[in-house]
Structure formats: structure tokens, C-alpha cells
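Residue numbers (the numbering used here), protein chains in the order written: chain A, 48 to 482; chain B, 229 to 649.
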Amino acid sequence: MSSRMESAKGVEHVEVTRTQLAEGVNLTYLPARKFKTSLLSAQFVTPLRPETVSGNALLPAILRRGTVSCPDLGALSARLDNLYGARIDYTVRKKGENQCVGFVASFIDDSFTPGREKLLEPVAELLGELVCDPVTQHGRFVPAYFESEKTNLIDAIRSIVNDKRDYADSRLLQEMCAGEPYGISRLGSEKQAERLQPQKLYAQYGQLIATSQLELFYSGSASMERVERALRSAFSTLPRENIREIALAADHPKPTEPKMVEEEMDVTQGKLGMGFTCGSDDTAALLMGNTLFGGSSNSKLFLNVREKLSLCYFASSVYHRQKGIITVSSGIEFENYQKAYDEIMRQLEAVQKGELEDWELESARSVLLNAYASMGDSQGKLENFYIGQAATGQEETPELLARQVREVSLQRILDAMATVSLDTVYFLKGKEAQA
Amino acid sequence: MKQTFYERIGEAVCRETLPNGLRINIVPKRDYAKSYAFFATRYGGMDTRFCLNGKWLDTPAGIAHYLEHKMFDTKEGNALQELAKNGAEPNAFTSNAITGYYFDSTTHFEENLEILLSFVSVPYFTEESVAKEQGIIGQEIRMIEDNPDWQIYTRMMKALYAASTARTSIAGTVESISHITAETLYDCHKAFYTPSNMVLTVVGNVDPVHVVDIARRVLPREGGPAIPRDYGTEPAQVAEKETKLAMEVSCPQFLTGFKCTPAEDGEGYMRQSLIGDMACDILLGDSSPLYLRLYDQGLINTSFGGAYEMMPGVAYLYAGGDSKDARAVTAEIQKEAKRLVEEGIDEDFYQRVRRASFGSNLRGLNSFENIAVSLSEGYFHGYDPFRFPQVFDTITKDDITAFLRENLTADRAVLSEIVPK
């Protein structure tokens, strides 16, 4: 095949470097000249726990309200506007069984600022201030900021229900991984958020920034020396003590028989979610198996459940690489529940039995290879990938994953998929009166 | 082929128009692994009434979107699968005024481009395949009907516009799409999928000469006639002031819209769009005095935002998000617009917003999709989007206040609300 040569042609060869800047502080550096912007990210990685999840989710939102030098949103916005509309967004993500909270900054590259102003240093400085120098009153966060961000957090948790697809996906994980950290949603629950108190949260903040691993990420045209210098200076006052290890995801226990959950809501379309355990740790084989099953527009689910039987607008599956499970998500008419369920199971069986044409295999492989090859074209995707790797203790680069996918054989795929078994079924349906 | 360099934004575009009328834009990007192709027709959800061969046709709401779905069918099977076999990720969208088909891929780009051009230009439907699609699109419509963001926006458009087809939902309704037949789909394809009504934009590490050759070889030799369209005669006043719907949501949401004066095609269209964007930032962007005050008062949260949109014969500014008191927020927006008009815009603030706005336009050039869509829209509306820094230079504070004075008035405002059941 000529694919390897083609994808290498003319493309910038990117060397990724990961270095330790201080105890528990690592920088992932990716040089790139092709973007109009630079991206700088600072993420604290901490194990997902019911008692800390909502507090950790609230922290970056409060920190984003003001620093000692820019004590309110107005002052912060003015500073960012003057940096040619630099953006600093707070992020709360779940990566495996860890929670990542922090900030992602994006700003236009030095070569495009009208007066050739350098933006890396001032943006890094502001990032450092947001983390280390929040505006406080009497030794805790500004009460008004605490209260309004707590309300926003509770609203955000409640609003998950507004998008029924997201809601059904998250309910499936909750039910399937009940009692495991993986079942905890990234913002925690409404109850956990409601219990948050200002004093305790301020202490939790001190804990978080002192004891959790800090992952820094940069993509842009500046040299590594310059980035290191800017970050060392920006985070020079970061406290560091007893750094906690990141959590490695535990295997999901194999079910004895599938758990069935139904929920009623006033909706016009039903959502059927199905969760499967994977007994194999052959990642590349499962990546391929999942793509064949429901991971692309050429997959068994898409072609049969949607195109052939017109049962739904969407039916797709996701392989949770960091936890070793597969979940299926679909939107269906209520009365088609059994039909859709049977068909999804039948398609899984088809993959397991190896009822696969050559073109299906080739197509699944090229979908994955295309995704890895084009990752370097998006700073956002690169950041999300490398932070995810760092947060789960994994070291493969997209190139290495691509190589593994290229090498995986049909037999390995079948062996790995043979270990996939149904664990939980979640069905969101309309209220009886409607049906 | 004509090549233009844009120094201030570090881009170049090669342009060619084929004898059949097809415009081709190519944006070379050397250091990227992927290449992106976008093939678009000037035909969307609002083009339901048009004249073909001297006869006015009224077609069902949702037909452009339906056609988009069916175009992937080929005599041999399905183009989606053909492209995915080569690792390409194909997709399509239908907006109010455009239907666009696209893919990106890191290998076999030229082969994929041939497939794209071929399936979009050669229709293949049967009564059976058309009927089957009712199920899939019916489910898509049901899915969006459950989506509060879609409901609130669609209802705002219906409140703003009495006659313009901008008020038509792009996907139509389960009822309207039941009237679609293979014959109407062929008519629509014949009218709008002619090379002279289309534009092909390619972004990536490609050879421009090859791209043009492929288009010349694959597409029909003849263009087509210009198709007169009827978007309805829209009165100046809004259709209804307020609309409200109860849904299964966690908290109340709102959108307020202002019916703005539409712009003529040409560079003025882009200028108007930049003015509208900046006016929106100055009035209610997240560094505006109004935003900061309402956020502090807990009347809005980070979901709050606004935008200025334009489509044929239509322009509107809208804003909204979650709020416990939609009325208070909409009143404050109108009051702030009035204040800005009367007192003028603070100079420091204006300069800041200018800088930020330049940065955000530049940032948009990271996205191949964004580049391709804006070059295509620019072509359909007669302007060059890559000239934004130059057009930006001509905009003054007075343009912004004039825009606010004319458009942000109480009689042009509507309110759309979703409340919990």
C-alpha cells in the first residue's frame, strides 16, 4: 500500500517532548508552525472520588472569576481582549478514573500579531495567576463568586437532562459502573454540589494545587526553552508537597447476568443504551473490533440498524480505551425497543463470528489510521489526547497507536471481541400516557 | 488559474472558473496531514419555491435536507461507504441557503475527490429508497424536536419572520416530508445541482492543477440556467412578539431576536457582517459592561451569548441562554443598546473589542471547514472573506452606533422562551 508514503509526504515531522519541570509538574511540548494560534494548557490530575468530584469541578470556575491583579471578570476580560482576544477557558474532564481540572489558553501566534507582540509570556503569566493567585477575602474565596459559581455548577449538572442523548449515555455509565470511580460523572451529582461549603472548598483548593500532578501542554511556534522559561516563572509560587499518584483504572467486574434499567420521561424519541465488558486487554484489536461494530459510518450498526432497517437516526458504539468497556448509544421509536435490541446484539454476534468482508476490515482500519494521522492538524485534539495519556499513565503517541492498528490481525480482533459481553441495558422511554 | 496572496493573514487562494460555470477555490496548506474538500450548492432549507423551465414549483419543507440524505445513494450502492473505505470521513449539512458535502482524508485524496464530485452530481433515487429514508429522517426530526436549543431557535425565527422562508425548519416536519417523492427530488437536483450554481473548495496539501483537472473530467460540461427563487415578501415588523413552550428541561431558557435590515451582496455584505458581530460583542459580549453586570446579578450564566446572522433577504441579531428572569434580561439588553446610542461607546473598550475581534477572525483560519464554508459563502454573496483585515480597517465606532440605532429597538424585538414542565 502507498498509504504510508502518502501520509508522510510534505508533513512536518513533529517530535513530542515530555519533561519534568518540578516535582509532579510535567510539560508536554509539541512544536508547530502551521497554526494561527498557540495553545497552552495547565491541568491538575486527581483521582475521581465522590467526596471531592464536585468541589474540584467548582474550583476552576471560581478561579476564573478573578486574580489578585485582575479581581473581577471585567478586568480579566480587558486583559484578554488586549492580548488580541486570547482565550482562557476552564475545563473539567474525566480521563479514565481521574478527574482533570484546569485551564486551556489559546492565543494568536506571534507571527500574526499586528505589531509582532509576543503573547506567550503574558498569557502564561495570567495562567499562573489564575491557578496560584486567586482573589480572596478573609482567607477564602470571594463569597459572591463562590455562591454564583456553585449555582452555575448545580444548573450545569441539572442541564445534562436537556440533551437526551448525553443524558442517556451518562445514565448508562452510572448504572453500569455503579460503585466504581468510572461511574462518577465529571461534575459529580447535584447532591454533592449542594453540600459544598466555602471554607472546606478553600482547603480543598490548597490540597489540589499542592498535592496533585500538574500536566502542562504547549503547541505552537515558540522554542522549548522559551516555553519552559515562561512556565517556570508563571508557576514559581506553586506549592508542591506529597504528590499523589494518579489512579489507574480498575477492571470492570464481569457481570453474572445483564442489568436492565428503564426510565420514563416526557420525550418523543426513545434512547436505548447498552454497555458491554471486554475481557481482553488487546487495545488495538478492540479499537478495530469496536470500529467494525459501531464506530464509523461503515460499521455494522450504522449499515444495518440505521440504513437497512431504518430503525433510528443514530446508532453507534464507543470503546472506552481507558476502562476497557464498550457502550452503544441509539435513538429509536419506543415500540422498536425489542427490534433494535435484537439487531444490536445480532450485529455484535456477526463481528464476533467473523462475518466480515475484506472491505469492512480495510475501511475500519483506514478510519482509525486517518483519525490518528490527522490528529496533528488540530491543537485541541492534540491537547485532549496528550492530557488523556498523561492522566492515565499511558505513553503511546498517535503514531504508535496507528502502527499497532496497522499490524493487528483478524484473528486477534476475533479473539478480543469474543470476550465482549452484555453488562447493562438502559432504556429511556416516553410516559405511558403518550406511548 | 489565478493565485492571490493575503499577507496579513498568511494565506493564499488559487481560483479558477470552469467553462460550465463551476467556481473552484484551492487553499494550499503544506504542513498538514489531511486535506479537505467541500462541494456546495446554493440551495438550502429556504429555497422551497422556485421557477424551473418557466413553471413555479412549491416543494415541501425539508426537501433540500432530504435530498442531501439521498444524494449519498449511488447506482453501485452508497458513496458514504466508498469514501469510508479510503479512510475518508464524509458528511454533509444543509443550512438555510446552502447544502454542502465534504470529507477529509490523509490518503487517496484525489480518488476521494472524484467520488465526491461524482455522487453529488449524479442523482440516483427509486421510490423505494425515497420511502425508506422517511424512517431515518423522521427519527432525526423527532430527535431535534426533543432538543430545547432547536425548539427555542426555531420558535424565535417564526416570531421574527411572517413570510420569509427563513422561518421554515430546515429538516421540515414528519408531515411535510411525507409528500416528498423521487420525482420532486429529481426536479430539485436538476434545478440546483448544476455546476454554475455550485462551488468546490479544497484546503490542504494538494496539487491545484490536479484538482481542476478532476473537476473538469468528472462534472457535466454544461452549466444550468439561473433559478429564480421566491423567499416571500417580508414585512418590516415582526410576526409575533413572544412565544413560549414548556418542555422537559432543568431550567428556563430564552432567546431574544432583533429583526435587522438585510444587506446587499458584495463586499458590503461582509462589512455588514463584521459590523453586526462587533455590535454584538460591544452590546453583550462576555467582556461588555452589560454582560458583567448581569453575570454579577446572577441573571445570566456562562451559557449566555449572542450572534449576528445573515441569509438571503434576512438579517438578525440574537442573544440568550439560561435565565430565571428572561424579561429582565431582554429589557436590559434594549436599555443598554439605547444607552450606547445616546452616550457613545467608550474608546478604550472599542479598541479592545477591535483587537479581540481581529484575533477571533484569525483564529477561525485554523479550521479547514471554516475556511471552506466562508470562501463558499463569500463566493455566493460576492465578497472575499480573506480580505477581512482590510474591511476591518474601514469600520468605525459610528458604524456600530448607527447599526445599534437602526436595529436594536423595542419594536424589532421578539422573545422566545422554554420553561420547565
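Virtual Cβ for every residue (Gly too), placed ideally from N, Cα, C.
| field | the stretch 466-480 of chain B: positions lying closer than 7 angstroms to chain A by Cβ | value | E476, V477, S478 and C479
| Collapsed DSSP secondary structure at M371(B) in the structure displayed | Taking the second sequence and counting its residues from 1, the one referred to as residue 371(B) is at position 143. In this structure, M371(B) counts as helix in the three-state DSSP scheme.
| field | Interfacial residues, the stretch 290-318 of chain A to chain B, with Cβ spacing under 8 angstroms | value | M312, D313, V314, T315 and Q316
| task | Output yes or no for whether 8 angstroms exceeds the beta carbon distance between Y473(A) and R65(A). | result | The count along the first sequence starts at 1 and reaches residue 473(A) at position 426. The count along the first sequence starts at 1 and reaches residue 65(A) at position 18. In this structure, R65(A) does not lie closer than 8 angstroms to Y473(A) by Cβ.
| field | Span of the beta strand (DSSP E) around Q239(A) | value | Against the first sequence, residue 239(A) aligns to sequence position 192. Where Q239(A) is concerned, there is no enclosing beta strand (DSSP E), although the alpha helix (DSSP H) it sits in stretches over E237 to E241.
| field | Beta carbon of H297(B) nearer than 8 angstroms to that of E361(B) | value | Against the second sequence, residue 297(B) aligns to sequence position 69. Against the second sequence, residue 361(B) aligns to sequence position 133. In contact: H297(B) and E361(B) (Cβ atoms closer than 8 angstroms).
| said: According to DSSP, is R279(A) part of a helix, a strand, or is it coil? | reply: Translated into positions along the first sequence, residue 279(A) becomes position 232. Helix, per DSSP.
| request: Output yes or no for whether 8 angstroms exceeds the beta carbon distance between L469(A) and F349(A). | output: Stepping through the first sequence from its first residue, residue 469(A) is reached at position 422. Stepping through the first sequence from its first residue, residue 349(A) is reached at position 302. Cβ atoms of L469(A) and F349(A): not closer than 8 angstroms.
| field | One or two residues paired with P181(A) in a DSSP bridge | value | Numbered from 1 along the first sequence, position 134 holds the residue referred to as residue 181(A). Answer by DSSP bridge pairing, in chain order: T114(A).
| query | When Cβ atoms are compared, which residues of the stretch 320-334 of chain B fall closer than 7 angstroms to chain A? | reply | D332, S333 and T334
| query | Name the chain A residues whose beta carbon is nearer than 8 angstroms to that of I561(B)? | reply | Here residue 561(B) refers to the residue found at position 333 when the second sequence is read from its first residue. Under the 8 angstroms cutoff, chain A gives no residues; its nearest Cβ is about 18 angstroms from I561(B).
| Alpha carbon to alpha carbon, how far is Q481(B) from T466(A)? | Walking along the second sequence from the start, residue 481(B) turns up at place 253. Walking along the first sequence from the start, residue 466(A) turns up at place 419. Computed Cα separation, rounded: 45 angstroms.
| request: Would you list, in sequence order, the uninterrupted alpha helix (DSSP H) runs of no fewer than 4 residues that lie entirely inside the stretch 121-187 of chain A? | output: 167-179
| message | Shorter than 7 angstroms, the distance from the beta carbon of Q254(A) to the closest heavy atom of the ligand HEM, or not? | response | In terms of ligand content, the structure shown is empty, and the ligand HEM therefore cannot be addressed.
| said: Any beta carbon of chain C sitting closer than 8 angstroms to that of V581(B)? | reply: Checking the listed chains, one finds no chain C in this structure; the protein chains it contains are A and B.
| Residue from N199(A), S343(A), N129(A) and E309(A) whose Cα sits closest to the Cα of A312(B) | The residue labelled residue 312(B) in the question sits at position 84 within the second sequence. A312(B) has its Cα closest to that of S343(A), out of N199(A), S343(A), N129(A) and E309(A).
| query | Are the CB atoms of L475(A) and M312(A) nearer to each other than 8 angstroms? | reply | As a position in the first sequence, residue 475(A) is number 428, starting the count at 1. As a position in the first sequence, residue 312(A) is number 265, starting the count at 1. Contact: yes.
| query | Checking contacts by CB at 8 angstroms: is K476(A) closer than that to chain B? | reply | Locating residue 476(A) in the first sequence gives position 429, counting from the first residue. False, the Cβ-Cβ gap to chain B never drops below 8 angstroms.
| message | Here's the rule: buried if 16 or more other CB atoms are within 10 angstroms of the residue's CB, otherwise exposed. What is V58(A)? | response | Taking the first residue of the first sequence as position 1, residue 58(A) is located at position 11. In this predicted model, V58(A) has a pLDDT of only 47, less than 50, meaning its place in the structure is not dependable enough to derive any value.
| field | Per-residue contacts from S588(B) into chain A (C-beta, under 7 angstroms) | value | Translated into the one-based positions of the second sequence, residue 588(B) becomes position 360. Going along chain A in sequence order, the residues near S588(B) (Cβ under 7 angstroms) are G132.
| said: Looking at chain A, is there any beta carbon in it that lies within less than 8 angstroms of the beta carbon of R370(B)? | reply: What you label residue 370(B) is simply residue 142 of the second sequence in a count that begins at 1. R370(B) counts as touching chain A.
| Uninterrupted alpha helix (DSSP H) stretches inside the stretch 334-407 of chain B (no shorter than 4 residues) | 337-349, 355-373, 376-388 and 402-405
| said: Could you pull the DSSP bridge partners for G305(B) from this structure? | reply: The sequence position of residue 305(B) within the second sequence is 77, counting from 1. Its beta-bridge partners are T302(B).
| request: Give me the Cα-Cα distance between P436(B) and G328(B), rounded to the nearest whole angstrom. | output: Mapped onto the second sequence, residue 436(B) falls at position 208. Mapped onto the second sequence, residue 328(B) falls at position 100. Taking the straight line from one Cα to the other gives about 20 angstroms.
| message | When you compare the CB positions of M498(B) and Y611(B), do they come within less than 8 angstroms of one another, or not? | response | Here residue 498(B) corresponds to residue number 270 of the second sequence, with the count starting at 1. Here residue 611(B) corresponds to residue number 383 of the second sequence, with the count starting at 1. In contact: M498(B) and Y611(B) (Cβ atoms closer than 8 angstroms).
| field | Span separating the alpha-carbon of R287(A) from that of A257(A) | value | For the purposes of this step, residue 287(A) is taken as the residue at position 240 of the first sequence. For the purposes of this step, residue 257(A) is taken as the residue at position 210 of the first sequence. Roughly 5 angstroms separates the two Cα atoms.
| said: Mapping the DSSP letters down to three states, classify S644(B) as helix, strand or coil. | reply: One-based indexing of the second sequence puts residue 644(B) at position 416. Strand at S644(B).
| field | Proximity of I398(B) and G273(B) at Cβ, strictly below 8 angstroms | value | As a position in the second sequence, residue 398(B) is number 170, starting the count at 1. As a position in the second sequence, residue 273(B) is number 45, starting the count at 1. Cβ distance < 8 angstroms, so I398(B) and G273(B) count as in contact.
| task | Using a cut-off of 8 angstroms between C-beta atoms, extract the partners of G526(B) located in chain A. | result | Residue numbering aside, residue 526(B) sits at position 298 when the second sequence is read from its first letter. Simply S195 and T198.
| Y426(B), DSSP secondary structure in three states | Within the second sequence, the letter at position 198 stands for residue 426(B). Reading off the sequence, residue 426(B) comes out as Met, not Tyr. DSSP places M426(B) in strand when its eight states are reduced to three.
| message | Can you look up P445(A) in the DSSP assignment and give me helix, strand or coil? | response | Counted from its first residue, the first sequence places residue 445(A) at position 398. Residue state, collapsed to three classes: helix.
| said: Taking the beta carbon of K283(B) as the centre, do at least 16 other beta carbons fall within 10 Å, making it buried, or is it exposed? | reply: Within the second sequence, numbered from 1, the residue matching residue 283(B) stands at position 55. Exposed, by the Cβ-count rule.
| Where G363(B) meets chain A, residues with beta-carbon distance less than 8 angstroms | Your numbering for residue 363(B) matches position 135 in the second sequence. Residues of chain A passing the Cβ test: S357 and L358.
| task | Scan the stretch 235-307 of chain B and note each continuous beta strand (DSSP E) run of 3 residues or more that stays entirely inside, going in chain order. | result | 239-245, 251-256, 263-269, 277-280 and 283-286
| query | Short check: CB of L603(B) to CB of I237(B), under 8 angstroms? | reply | Counted from its first residue, the second sequence places residue 603(B) at position 375. Counted from its first residue, the second sequence places residue 237(B) at position 9. No, the pair does not count as a contact, with Cβ atoms beyond the cut-off.
| With a cut-off of 8 angstroms, does the C-beta of Y234(B) fall near any C-beta of chain A? | The residue given as residue 234(B) occupies position 6 in the second sequence. No, no contact with chain A.
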